[in-house]
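Residue numbers (numbering that gives the first Met the number 0), protein chains in the order written: chain A, 0 to 495; chain B, 0 to 145. Okay, so here's the structure we're looking at.
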Amino acid sequence: MDLFTIGFPVALTAINIGYCFLGVFLGTFVGVLPGISGLTAVALLLPLSYQLDPTTAIIMLGGLYYGAEYGGSTASILLNLPGTASNAVTCLDGYPMARQGRAGPALFITSIASFFGAAIGTILVMFLAPLLAKFALSFHSAEYFSAMLLGLVAAGTMGQGRQIKNVAMVVLGMTFGVIGIDTNTGAFRYTFGIANLYDGFPIVILAMGFFGVTEVIASINRLKFVGQMGDVSLRSLMPTKDDFRRIRSPMIRGAAVGSFFGPLPGTGPTIASFIAYAIEKKCHRDASKFGNGAVEGIASPEAANNAAVQTSFIPTLTLGIPGSATMAVMLGALLVHGIQPGPKLIIEQPELFWGVIASFWIGNIFLLILNIPFIGIWVRILKVPYKYLYPCILCLICIGVYSLNNSAFDVGMVIIFGVLGYILKLMDFEPAPMLIGFILGPMIEENFRRSMVITNGDFWALFERPITAGFLALTVILLTWMLYISLKEIRLKSIS
Amino acid sequence: MKNWKDIFGGGIFVLLGLYVLVTAKSFGLGTAARMGGGYYPMILGAILMALGVAISLIGSRERGSPLSINFFPLVAVVAGLWCFVFLIDRIGIIPAIFILIFVASAADLERRWGGTAILAFIFSLVSWLLFSILLGLPIVGIRGLI
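Now the structure itself:
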């Protein structure tokens, strides 16, 4: 098994264990704190990761990403305020449990469920990623183009919020991706004569603006704690025997839902957790206990979001198509290191692939330790008010972006994107699909051009390739579905 | 009340798409088999416009909720960040961070200026120690001094 012969020797070096721990520690930290998302945290640490070996960088950033899913439930349970969006649904039953004096067992159960979901997700990555990579080895530009197109449309149509707006954000991201000198013709595209834009700009700048700055502006004076918080002692953590019996099947169902939605582009942990909760409600005859502190209602979504986070690595590492906006940012980190994720990654860089997977096991065990015996630390961190937090976030954004190229111009771009992001947020446009569009846009253009050269400009010739035709057909189905939903919404609204 | 959020939001996309579409011509369109630099952006611009029109149309036929702009934080945060941009290369990281925090804190309804000054002082010093000294990034503390 490559995991043991290649993966663990890489992941168990002192430096990789150290950065894995740093990643999951900081991940839990930002996960616990409401108002700062995992994506912002990954973007904040990205400049630091440029100095690391690519494997170590992905181990750390990955740890940050799945660590945030553990931490996020703490705020949901204790404050009724989700630490990250994918833990919002945990508030529904987690907070009532805390009100009943069962905050300890709730925290224990979410950690166990998270670990279970992550373990199932990681096992799936181990077995499915090599299979998918083998299948994708035969891909040419036409297949890549159609697979990425499907990914983009899926990112738009399956995310949260109104589909047509998400699709518009995807296309906006693709447009931002055009900026810079065209590698094929040498045309200066949307550079406005500014030398800093000739090579385009890294995804971190977009992510810091649309997520970091926008989040800060939207949270100041608005992020208020509701209710009061009790202290959690270690003795009160243990769930009852009955709890353990009741969470068994919800965890399995949650992990299954999460593993299904994780690899699909656009449907990340947030959607997985909401759907897992909805399914859980359907599975019980007595649905009235949900919302009143049902342990099933926290076990299933927490297993789902962690399974989704782990499985979102499958398409990213094997096809180069990010499964979520955070994965898009991480893909950007790999590209900076000169690594183009694709089907050859597992063969050409087995240390990276298996090392990262082995680090998932190590990181999740760290997280179990951090979140059960040491839960008291995180409860105390929750009491840090946002007015001390946001100056810190702003400093990290400024210095992090400035340090990329020692350029104040880059920080200026972050501000512009931050304002644009806030305006679009006010109008209910989600920024996540845009990041996926930004990272996939240039690749799609490249593969589109190449396949058009091969078919001599005949778009319909693409349908002669079976795999391509399959992807394109799925794309058309998704777009038709979006159109149908949009039209139905108009009709419903105009009748009422 | 109509859904002005979507009507305006769609409008932004229409204008952006129009700009992208019109300027794409100057990059050279080429043919489908030999695409110029403008072929792909032209497609994107057209899609942006079409989606923008659709979003506005849907918005004009339904009811919406009013905007709730977090106005003061928007101004304070943006002003603070611009201060950083203008100061970092001219006078160094310590004053740039100090002023960034001072200006951005103006947004906080519960701020006390004394506390803000202490916070700004600590953050500017820690940033300098962490990034310039510990991580060794080429950023000066205060130009001409450290």
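Think of the CB as a built atom: it goes at the ideal place given N, C-alpha and C, for glycine as much as any other residue.
So if I threshold CB-CB distances at 8 Å, which residues from the region 91 to 106 of chain B count as touching chain A?
Residues of the region 91 to 106 of chain B with a C-beta less than 8 Å from any C-beta of chain A: I92, A95, I96, L99, I100, A103, S104, A106, listed in chain order.
Compute the beta-carbon to beta-carbon distance between E429 (chain A) and G160 (chain A), rounded to the nearest angstrom, for a pair I have assumed lies under 8 Å.
That pair is a contact at about 5 Å.
For chain A, find out if any of its Cβ atoms is closer than 8 Å to the Cβ of L124 (chain B); answer yes or no.
L124 (chain B) does not count as touching chain A.
Have a look at the DSSP bridge pairing and note the partners of I180 (chain A).
A:F187, per the DSSP bridge assignment.
So, V256 (chain A) versus A275 (chain A), is the Cβ gap smaller than 8 Å?
Taking 8 Å as the Cβ cut-off, V256 (chain A) and A275 (chain A) qualify as a contacting pair.
Between Y197 (chain A) and chain B, is there a C-beta pair that is closer than 8 Å?
It does not; no Cβ of chain B falls within 8 Å.
Verify the CB distance criterion: does Y143 (chain A) have a CB-CB separation below 8 Å to chain B?
No, its Cβ sits nowhere closer than 8 Å to a Cβ of chain B.
Exposed unless 16 or more other CB atoms sit within 10 angstroms - verdict on N291 (chain A):
For N291 (chain A), the number of other beta carbons within 10 angstroms of its own is below 16, and it is reported as exposed.
C-alpha distance - A102 (chain A) paired with Q348 (chain A), whole-angstrom precision
Taking the straight line joining both Cα atoms gives about 44 Å.
Contact belief for G30 (chain A) with G82 (chain A) at Cβ below 8 Å, rounded distance in angstroms
With 8 Å as the limit, G30 (chain A) and G82 (chain A) qualify as a contact, their Cβ atoms being about 5 Å apart.
Cβ of G27 (chain B) less than 8 Å from any chain A Cβ?
Proximity of G27 (chain B) to chain A, defined by a Cβ-Cβ separation below 8 Å, is satisfied.
Just to confirm the assignment: which complete alpha helix (DSSP H) runs, minimum length 4, are found wholly within the region 194 to 277 of chain A?
202 to 206, 213 to 218, 240 to 260, all fully within the region 194 to 277 of chain A.
As a quick exercise: from A:G61, A:T55, A:Y49, pick the residue whose alpha carbon is nearest that of A13 (chain A).
Checking every option, the nearest Cα to that of A13 (chain A) belongs to A:T55.
Using 8 Å as the cut-off, can you tell me whether the region 404 to 416 of chain A makes contact with the region 62 to 81 of chain B, which would need three or more C-beta pairs spanning the two stretches below that distance?
Here the region 404 to 416 of chain A lies against the region 62 to 81 of chain B, with 3 or more beta-carbon pairs under 8 Å apart.
Buried versus exposed call for I117 (chain B) [16 or more other C-beta atoms within 10 Å across all chains shown]
Exposed.
8 Å Cβ cutoff, S402 (chain A) in contact with chain B
Closer than 8 Å: yes.
Within 10 angstroms of the Cβ of E109 (chain B), are there 16 or more other Cβ atoms? Answer buried if so, exposed if not.
E109 (chain B) counts as exposed, since fewer than 16 other beta carbons sit within 10 angstroms of its beta carbon.
In terms of alpha-carbon separation, which member of A:L388, A:I16, A:Y64, A:T156 lies closest to E214 (chain A)?
Minimum Cα-Cα distance from E214 (chain A) among the listed residues A:L388, A:I16, A:Y64, A:T156 corresponds to A:L388.
Which residues in the same chain have their Cβ closer than 7 Å to the Cβ of A153 (chain A), if we skip the five residues on either side of it in sequence?
These residues qualify, in order along the chain: L263, P264, G265, L477.
With burial defined as no fewer than 16 other Cβ atoms inside 10 Å of the residue's Cβ, what is the status of W459 (chain A): buried or exposed?
Exposed, because fewer than 16 other Cβ atoms sit within 10 Å of the Cβ of W459 (chain A).
How about A74 (chain A) and L316 (chain A): are their beta carbons less than 8 Å apart?
In this structure, L316 (chain A) does not lie closer than 8 Å to A74 (chain A) by Cβ.
Closer than 6 Å by C-beta to G362 (chain A): which residues in its own chain qualify, once you throw out the five before and the five after it? Chain order, please.
Within the same chain, G362 (chain A) has close Cβ partners C19, V23, G62.
Indicate whether L15 (chain B) and V177 (chain A) have their beta-carbon atoms separated by less than 8 Å.
No, Cβ-Cβ distance for L15 (chain B) and V177 (chain A) is not below 8 Å.
D427 (chain A) CB to nearest chain B CB: under 8 Å?
Yes, because at least one Cβ of chain B sits closer than 8 Å to the Cβ of D427 (chain A).
Decide if W112 (chain B) is buried, meaning its Cβ has at least 16 other Cβ atoms within 10 Å, or exposed.
Looking at its Cβ environment, which holds fewer than 16 other Cβ atoms inside 10 Å, W112 (chain B) is exposed.
Chain B residues whose Cβ lies nearer than 7 Å to that of A206 (chain A)
Chain B residues near A206 (chain A): none, gap ~16 Å exceeds 7 Å.
Terminal residues of the alpha helix (DSSP H) in which M433 (chain A) lies:
Counting along the chain, the unbroken alpha helix (DSSP H) around M433 (chain A) starts and ends at 431 to 453.
Kindly confirm or deny that the region 16 to 30 of chain B and the region 478 to 486 of chain A touch, where touching means at least three C-beta pairs closer than 8 Å.
By the Cβ criterion, the region 16 to 30 of chain B is not in contact with the region 478 to 486 of chain A, since fewer than three pairs of Cβ atoms, one from each stretch, lie closer than 8 Å.
Using a Cβ-Cβ cut-off of 6 Å (strictly less than) and excluding sequence neighbours within five positions of I163 (chain A), which residues of its own chain qualify?
Scanning its chain for C-beta atoms nearer than 6 Å, with the 5 sequence neighbours on each side dropped, one finds around I163 (chain A) the residues S485, in chain order.
Using a C-beta cutoff of 8 Å, does K24 (chain B) count as contacting chain A?
Not an interface residue.
Determine, for L471 (chain A), whether the minimum Cβ-Cβ distance to residues of chain B falls below 8 Å.
Not one chain B Cβ lies under 8 Å of L471 (chain A).
What do you get for K1 (chain B), buried or exposed, if any count of 16 or more other CB atoms within 10 angstroms of its CB means buried?
Per the 10 Å Cβ criterion, exposed.
From A:D181, A:H139, A:G417, A:Y94, residue whose alpha carbon lies closest to that of G37 (chain B)
Of the listed residues, the one whose Cα sits closest to G37 (chain B) is A:D181.
If we count the other Cβ atoms within 10 Å of its Cβ and call it buried at 16 or more, is D92 (chain A) buried or exposed?
Counting Cβ neighbours within 10 Å, D92 (chain A) comes out buried, since at least 16 surround it.
So with Cβ pairs under 8 Å, would you call P65 (chain B) a contact of chain A?
With respect to chain A, the C-beta atom of P65 (chain B) has no partner C-beta closer than 8 Å.
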